[in-house]
Amino acid sequence: MSADMMRAVVQDGFGGPEVLRVQQVPRPTPLPTEVLVRVHAAGINPVDWKTRGGTGMAGLLGEPPFTLGWDVSGVVEEVGFGVTTLKAGDEVYGMPWFPRVANAYAEYVTAPARQFARKPATLDHVHAAAVPLAALTAWQAVVDTAHVQAGQRVLVTAAAGGVGHFAVQFARHLGARVIATAGAARHPWLKELGAEETIDYTTTRFEDATADVDVVIDLVGDDHDRTSTRSLKVLRPGGLLVAIPAGVSPDLAQAAEAAGVRVTPFLVEPDGTALTRIADLIDAGHVAVEVEETFPLEQAGPAHARGEAGRTRGKLVLTVSN
Numbered sequence: 001m002s003a004d005m006m007r008a009v010v011q012d013g014f015g016g017p018e019v020l021r022v023q024q025v026p027r028p029t030p031l032p033t034e035v036l037v038r039v040h041a042a043g044i045n046p047v048d049w050k051t052r053g054g055t056g057m058a059g060l061l062g063e064p065p066f067t068l069g070w071d072v073s074g075v076v077e078e079v080g081f082g083v084t085t086l087k088a089g090d091e092v093y094g095m096p097w098f099p100r101v102a103n104a105y106a107e108y109v110t111a112p113a114r115q116f117a118r119k120p121a122t123l124d125h126v127h128a129a130a131v132p133l134a135a136l137t138a139w140q141a142v143v144d145t146a147h148v149q150a151g152q153r154v155l156v157t158a159a160a161g162g163v164g165h166f167a168v169q170f171a172r173h174l175g176a177r178v179i180a181t182a183g184a185a186r187h188p189w190l191k192e193l194g195a196e197e198t199i200d201y202t203t204t205r206f207e208d209a210t211a212d213v214d215v216v217i218d219l220v221g222d223d224h225d226r227t228s229t230r231s232l233k234v235l236r237p238g239g240l241l242v243a244i245p246a247g248v249s250p251d252l253a254q255a256a257e258a259a260g261v262r263v264t265p266f267l268v269e270p271d272g273t274a275l276t277r278i279a280d281l282i283d284a285g286h287v288a289v290e291v292e293e294t295f296p297l298e299q300a301g302p303a304h305a306r307g308e309a310g311r312t313r314g315k316l317v318l319t320v321s322n
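In the UniProt record's numbering, the protein residues as written are 1 to 322.
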């Protein structure tokens, strides 16, 4: 392979995991203020397989061909003019360009330097790649949007997933009392992460098991068993529902107003500064990162199939280069 080419996972159309294929594509060149990162690992998120199938961010990306992926951990190969925060050889991680195309399922990525941060020193690239999108979603929901305070009661739905296991830890670190929904097999692990109460969603309706909640971080949405609407029942007056996967429909907004609670949609943004703070928490031992399984770049399709099957503990990650 020539130096100006690289391997990348490309899809030429929308469809199932089989549309993901490794191809040779031109290697990108950093523009001013950008860095070229050699990708060692790329995290996989639900938005990836939703977009692959034609939902998720597909409406923003337009018609294929394109390369999926937003989670990156790797090494700075080259810096563009004007970059002062990073240099060649720095180990970095980030969630560049979201929700635009970032091309993370590839050997090299270019993006603005400030969309990256130095990788947590205590993590290898595989675990670092599992952090950005999920952890930034949790951080921006818990810290920047809900402004969770010590002593508050916070319910996290789908708490054992990528975003969920970070949301539990961030809320607990802030001193909140965390209630987590997950299958019973995940309960001991979630309690280790800081959940005070756990609810088995397969046997118990969470609205029958808890109440007087200040904040709900809903990672399921109304598309699945009307989880967002049901969350309104557990909130105390003035409480806040952060509705992440499906947003806020007119019906949900009307129901929240009638119940005397607040509701807000949410979409994560690139944030290198927050990633630096998250890295500090990880390196200090306050936040753990869970990776259930890794796949080589050539097995992006099977990796998506595994993710879509559900019940993943933490994250799935593609290994790209050593």
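Every residue gets a Cβ at the ideal spot worked out from N, C-alpha and C, and that includes glycine. This one's a predicted model, so the numbers in the text were calculated from it and none came from an experiment.
Worksheet entry | Rounded separation between residue 219 and residue 230 - CA only | Taking the straight line joining both Cα atoms gives about 13 Å.
Discussion item. My output table needs one value for residue 260: the three-state DSSP class, helix, strand or coil.
Written reply: In the structure shown, residue 260 falls within a coil segment according to DSSP collapsed to helix, strand and coil.
Worksheet item: What is the DSSP secondary structure of residue 98, counted as helix, strand or coil?
Response: DSSP places residue 98 in coil when its eight states are reduced to three.
Worksheet item: Roughly how many whole angstroms lie between the Cα atoms of residue 196 and residue 156?
Response: Looking at the two C-alpha atoms, the distance is approximately 11 Å.
Discussion item. Once DSSP output is grouped into helix, strand and coil, what is the label at residue 315?
Written reply: Of the three classes helix, strand and coil, the one that applies to residue 315 here is strand, per DSSP.
Worksheet item: Taking the alpha carbon of residue 160 as the point to measure from, which residue in 217, 265, 255 has its own alpha carbon closest?
Response: Residue 160 has its Cα closest to that of 217, out of 217, 265, 255.
Discussion item. Under DSSP, the alpha helix (DSSP H) around residue 14 begins and ends at which residues?
Written reply: Element bounds for residue 14: n/a, residue is neither H nor E.
Practice prompt. Going by CA-CA distance only, name the one from 20, 90, 103, 79 that's closest to residue 26.
Written response: Nearest C-alpha to residue 26: 103.
Worksheet entry | Cβ-Cβ separation, residue 72 to residue 47 (assumed contact under 8 Å), whole Å | Taking 8 Å as the upper bound for CB-CB distance, residue 47 and residue 72 are not in contact here, some 15 Å apart.
Worksheet item: Do you know whose CA, among 222, 275, 84, 4, lies nearest residue 250's CA?
Response: Comparing Cα positions, the closest option is 222.
Worksheet item: Under a Cβ-count criterion, where at least 16 other Cβ atoms within 10 Å of its own Cβ denotes burial, should residue 121 be classed as buried or exposed?
Response: By the C-beta density criterion, residue 121 is exposed, having fewer than 16 other C-beta atoms within 10 angstroms.
Worksheet item: How many Å lie between residue 131 and residue 162 at the Cα?
Response: Spanning the two alpha carbons is a distance of roughly 8 Å.
Item to complete: Counting only the same chain and skipping the five closest in sequence on each side, list residues whose C-beta sits under 8 Å from that of residue 286.
Response: Here the set comprises 169, 173.
Discussion item. Need the endpoints of the beta strand (DSSP E) that residue 40 sits in, please.
Written reply: Element bounds for residue 40: 34-44.
Fill in: residue 253 to residue 171 span [Cα, whole Å]
Their backbone Cα atoms lie some 25 Å apart in a straight line.
Item to complete: Decide yes or no for the touch test of the stretch 140-155 against the stretch 285-304: beta carbon pairs closer than 8 Å, at least 3 of them.
Response: They do not touch, by the three-pair rule.
Fill in: Three-state secondary structure (DSSP) of residue 205
The answer is coil: DSSP assigns residue 205 none of H, G, I, E or B.
Worksheet item: What separation, rounded to the nearest whole angstrom, lies between the Cα atoms of residue 241 and residue 272?
Response: Those two C-alpha atoms are separated by around 26 Å.
Discussion item. Check for me: the beta strand (DSSP E) holding residue 24 runs from which residue to which?
Written reply: Bounds of the beta strand (DSSP E) holding residue 24 are 20-26.
Practice prompt. Locate the alpha helix (DSSP H) running through residue 168, then write down its first and last residues.
Written response: Unbroken alpha helix (DSSP H) run through residue 168: 162-173.
Worksheet item: Is residue 117 closer than 8 Å to residue 279 when the C-beta atoms are compared?
Response: Yes; because the gap between Cβ atoms is below 8 Å, this pair is in contact.
Practice prompt. Would you mind stating whether residue 129 and residue 35 have Cβ atoms separated by less than 8 Å?
Written response: If you check the CB distance, residue 129 and residue 35 do not come in under 8 Å.
Item to complete: Report the option in 202, 317, 213, 142 whose CA atom is closest to the CA atom of residue 268.
Response: It is 142 whose Cα lies nearest to the Cα of residue 268.
Worksheet item: Just to confirm, are residue 24 and residue 66 a CB contact at a threshold of 8 Å?
Response: The criterion of a C-beta distance shorter than 8 Å is not satisfied by residue 24 and residue 66.
Worksheet item: residue 207 to residue 260, Cα distance in whole Å?
Response: Approximately 17 Å between the Cα atoms of the pair.
Discussion item. Rounding to the nearest angstrom, what Cα-Cα distance links residue 51 and residue 166 in this structure?
Written reply: So the alpha carbons of these two residues sit roughly 23 Å apart.
Worksheet item: Helix, strand or coil for residue 249 per DSSP?
Response: Note: residue 249 maps to coil in three-state DSSP.
Fill in: N-terminal and C-terminal residue of the beta strand (DSSP E) that residue 243 is part of
First-last of the beta strand (DSSP E) with residue 243: 235-243.
Discussion item. Checking the sheet assignment: what are the DSSP bridge partners for residue 74?
Written reply: DSSP lists 39, 92 as partners of residue 74.
Worksheet item: Leaving out the 5 sequence neighbours to the left and right, which residues in its chain are closer than 6 Å to residue 176 when beta-carbon positions are compared?
Response: The residues are 148, 152, 154.
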